[in-house]
Amino acid sequence: MERFVFYDFETSGAKPAFDQALQFAAIVTDDNFNELDRMELRCQLSPHILPSPIALHVTGVRPGQLLNSNLMNQFEFAQRLQSFIKTWAPAVWIGYNSIQFDEEVMRHLFYQNLQPTIYATQRWGNSRLDAMKMIWAVYDKAPNVLIWPTNKNGLTSFKLDRLALANGFITHNAHDAMGDTEAMIFVLEKIRSGAPSLYDQLVANNNKHHVKNLLGSFKPVEITLRFGASEPKTYVGCFCGSENGNPNRIGFFDLTQDNAFDLINGSQKDIEDALNGSPKKIRTLALNRADTFTEFEQADALHNLLCATIEENHEFRSKVSQAMADQYSDGDQDDKLVEERIYDGFVSPTDQDLLIQFQSATWRERQELVSVMEDARLRQLGGRLIAFYAPELLNSEEKQKFSKYICNKWSEMDKDVSWTTMDKVQIDLIRLKDKGVPREELSRLKRFYEARFQQIGCEFYDWLLCA
26 MERFVFYDFE TSGAKPAFDQ ALQFAAIVTD DNFNELDRME LRCQLSPHIL PSPIALHVTG
86 VRPGQLLNSN LMNQFEFAQR LQSFIKTWAP AVWIGYNSIQ FDEEVMRHLF YQNLQPTIYA
146 TQRWGNSRLD AMKMIWAVYD KAPNVLIWPT NKNGLTSFKL DRLALANGFI THNAHDAMGD
206 TEAMIFVLEK IRSGAPSLYD QLVANNNKHH VKNLLGSFKP VEITLRFGAS EPKTYVGCFC
266 GSENGNPNRI GFFDLTQDNA FDLINGSQKD IEDALNGSPK KIRTLALNRA DTFTEFEQAD
326 ALHNLLCATI EENHEFRSKV SQAMADQYSD GDQDDKLVEE RIYDGFVSPT DQDLLIQFQS
386 ATWRERQELV SVMEDARLRQ LGGRLIAFYA PELLNSEEKQ KFSKYICNKW SEMDKDVSWT
446 TMDKVQIDLI RLKDKGVPRE ELSRLKRFYE ARFQQIGCEF YDWLLCA
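Dropping the structure here:
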């Protein structure tokens, strides 16, 4: 019996590296959607985070909930979640837009809170799917299975709350993690009932080896993608090479393009142009991002001939592999903040052992463990955790340095930074006021931000009175 974990996060904002999870919910089921368990967690706001006023308004989280001392802190939240994932492994983890957002939220939660692995949904036999990508495929391949709501511009809306409501889920508590999880299960049950064969093909994509074998067969394959606000579109193609040094990144040759044989026999520059030009004649895709690969059942003789030619032409595939490697070569990474360095390499076995010890140690012991970690990222993040949750271990100079770090972060004037600043809070409050948000809610938010700024000694909070 295969297990599934449907899950969702509610967060302090839209940037996984610089915001944080506030709520997590999950429902564990068997492969017939029979519930086996459910989990709901909430945590306090971390000391260095300014939540987005718009995020608080949308989720309905009140400032008092963020600072509730009865809630666990972010570090404890991360520990509980990693333990839950391990307990129910192996399982298929499914969220809505989860590959793009929720998975990144989870990975940053584990990374910034020094958990043993940031890839928990891909460890211990776990795998991943994205319900939103599955729904895109249903829209293009089996549109009669669901009722498709439209937005104010008359375009199809793929927002979960609208989609669930349009299809009969009337008890949905939108923008609540458990409510969104229940809505997702409801929609997927309708898909399985209305298009069981397609549903099974889409679910099979949780297995990277299945995807690898499907592509490695050099048969015509379909994938449904969506770009921006456009309608989902299904593309027919063939595997044409893996990136040198990264076998999870693959080239997908468009079998519907004109003069396809000319490209197969083309130069290195022709292939680079095919990867980077528009429309893309070769798309760069990933084996491990839960995309909706399915076998193309209406393949004609030309499709099959192109695939056979690509399979036989090792030189062409080698050129594609090199072109992809050149396309994604790393630039200068020296100026990245520690939050942005999550994918800058795996930790050493020595540090891995220290991370495991870190979980059950006292804060004083954790301080000692952090001091001997080899990875500068872990030392910086670990030092931050000590300042958050064991400030009594810091001397006066270290405490002052930490307060200055937060104050500088919040008062940053550069509008292009990825985190929420005082200026961004002011802009969001004005937007909420212009949208007609009740005065009581705005006043509550203003009081919260004023108190937060004062708490660390920031002197820039008076402008809130004018917002």
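Quick note, the sequence shown lines up with residues 26 to 492 if you use this note's numbering. All residues carry an ideal CB built from backbone N, CA and C; glycine is no exception.
Name the one or two DSSP bridge partners that N271 has. Beta-bridge pairing links N271 to E268.
Which first and last residues belong to the alpha helix (DSSP H) in which D325 is found? Segment: none, D325 is in no alpha helix (DSSP H) and carries neither H nor E.
Give me the Cα-Cα distance between P257 and Y353, rounded to the nearest whole angstrom. About 26 Å.
Do you know whose CA, among G482, D33, Y474 and R366, lies nearest L81's CA? Among G482, D33, Y474 and R366, the Cα nearest to that of L81 belongs to Y474.
For the beta strand (DSSP E) containing Y32, list its first residue and its last residue. F29 to T36 is the span of the beta strand (DSSP E), which, as asked, contains Y32.
Against chain C, does F286 count as a neighbour if the rule is that its beta carbon must be under 8 Å from one of theirs? This model lacks chain C altogether, as it is built from one protein chain only.
Is A191 closer than 8 Å to I172 when the C-beta atoms are compared? Less than 8 Å divides the Cβ of I172 from the Cβ of A191.
For my contact list, L75 and W435 are in at a C-beta cut-off of 8 Å; report their separation, rounded to the angstrom. Confirmed, Cβ separation roughly 6 Å.
Local conformation of V395 per DSSP, three classes: Here DSSP, grouped into helix, strand and coil, assigns V395 to helix.
Considering just the uninterrupted stretch of the beta strand (DSSP E) at W285, what are its terminal residues? According to the sequence provided, residue 285 is Ala. The question's Trp does not apply to it. Note, A285: premise wrong, no beta strand (DSSP E); alpha helix (DSSP H) at A285 to I289.
Alpha carbon of R217 to alpha carbon of I275, nearest angstrom: Rounded to the nearest angstrom, the two C-alpha atoms are 29 Å apart.
State the CB to CB distance for the pair I381 and Y136, rounded to an integer number of angstroms; the pair is presumed to be in contact (CB under 8 Å). Actually they are not in contact, since the Cβ atoms of I381 and Y136 sit about 15 Å apart, beyond 8 Å.
Determine the contact status of F243 and I289, defining contact as a CB-CB distance below 8 Å. In this structure, F243 lies away from I289, with their beta-carbon atoms at least 8 Å apart.
Who are the Cβ neighbours of A311 in its own chain at under 8 Å, not counting the five residues just before and after it? For A311, where only same-chain residues beyond five positions count, the Cβ hits under 8 Å are N273, R274 and I275.
F286 to L327 span [Cα, whole Å]: If you draw a straight line from the Cα of F286 to the Cα of L327, it comes to about 11 Å.
Are L70 and S37 touching if we call contact CB-CB under 8 Å? Yes, these two residues count as a Cβ contact at 8 Å.
For M398, which residues in the same chain have their Cβ closer than 7 Å to its Cβ, ignoring the five residues on either side in sequence? Excluding residues within five positions, the ones whose Cβ falls inside 7 Å are D376, L379, R404 and G407.
Proximal residues to E27 (C-beta, below 6 Å), its chain only, five neighbours per side dropped: Same-chain partners within the cutoff: D56.
Using the beta-carbon count (16 or more within 10 Å), is L418 buried or exposed? Flag for L418 reads exposed.
If we count Cβ pairs, one from each stretch, closer than 8 Å, do we get three or more for the stretch 414-432 versus the stretch 447-461? The stretch 414-432 is not in contact with the stretch 447-461.
Which residues mark the beginning and the end of the alpha helix (DSSP H) in which F109 is found? Where F109 is concerned, the enclosing alpha helix (DSSP H) stretches over Q99 to T112.
Pull up the DSSP beta-bridge partners for Q48, would you. Paired residues: E35 and R67.
What is the C-beta distance between S77 and D439, in whole angstroms, given that I count them as a contact (C-beta under 8 Å)? About 17 Å; that fails the 8 Å criterion.
Straight-line gap, L490 to K458 (C-alpha atoms, nearest Å): Any reading at L490 needs caution, since the residue's pLDDT is 48, under 50, leaving its predicted position unreliable; the model's value is listed next. Near 13 Å, if we compare the C-alpha coordinates of K458 and L490.
Spatial distance of G150 from E247 (CA atoms): Taking C-alpha positions only, G150 is separated from E247 by approximately 26 Å.
Cα-Cα separation between Y32 and F58, rounded to whole angstroms: Near 14 Å, if we compare the C-alpha coordinates of F58 and Y32.
Proximity to A528 [Cα-Cα], best of R63, P88, V228 and E129: No statement about residue 528 is possible, as the shown extent of the chain runs from 26 to 492 and does not include it.
Euclidean distance between Cα positions of T317 and L227: Their Cα atoms are separated by approximately 6 Å.
If you reduce the DSSP assignment to three classes, tell me which class L96 lands in. In this structure, DSSP gives L96 a state outside helix and strand, which the three-state scheme calls coil.
With D12 as the anchor, note down where its beta strand (DSSP E) starts and where it stops. With the chain covering only 26 through 492, there is no way to say anything about residue 12.
Measure the C-alpha to C-alpha separation of K40 and D127 and round it to an integer number of angstroms. Straight through space, the alpha carbons of D127 and K40 are spaced by roughly 11 Å.
Proximity of G302 and F278 at Cβ, strictly below 8 Å: Going by beta carbons, G302 and F278 fall outside the 8 Å limit.
Closer than 8 Å is the cut-off here; do at least three beta carbon pairs connect the stretch 248-255 with the stretch 162-182? The stretch 248-255 vs the stretch 162-182: in contact.
Distance check for Q392 and A494, CA to CA, integer angstroms please. There is simply no residue 494 to check, as the chain begins at 26 and stops at 492 in what is shown.
8 Å Cβ cutoff met for E101 and M203: Not in contact: E101 and M203 (Cβ atoms no closer than 8 Å).
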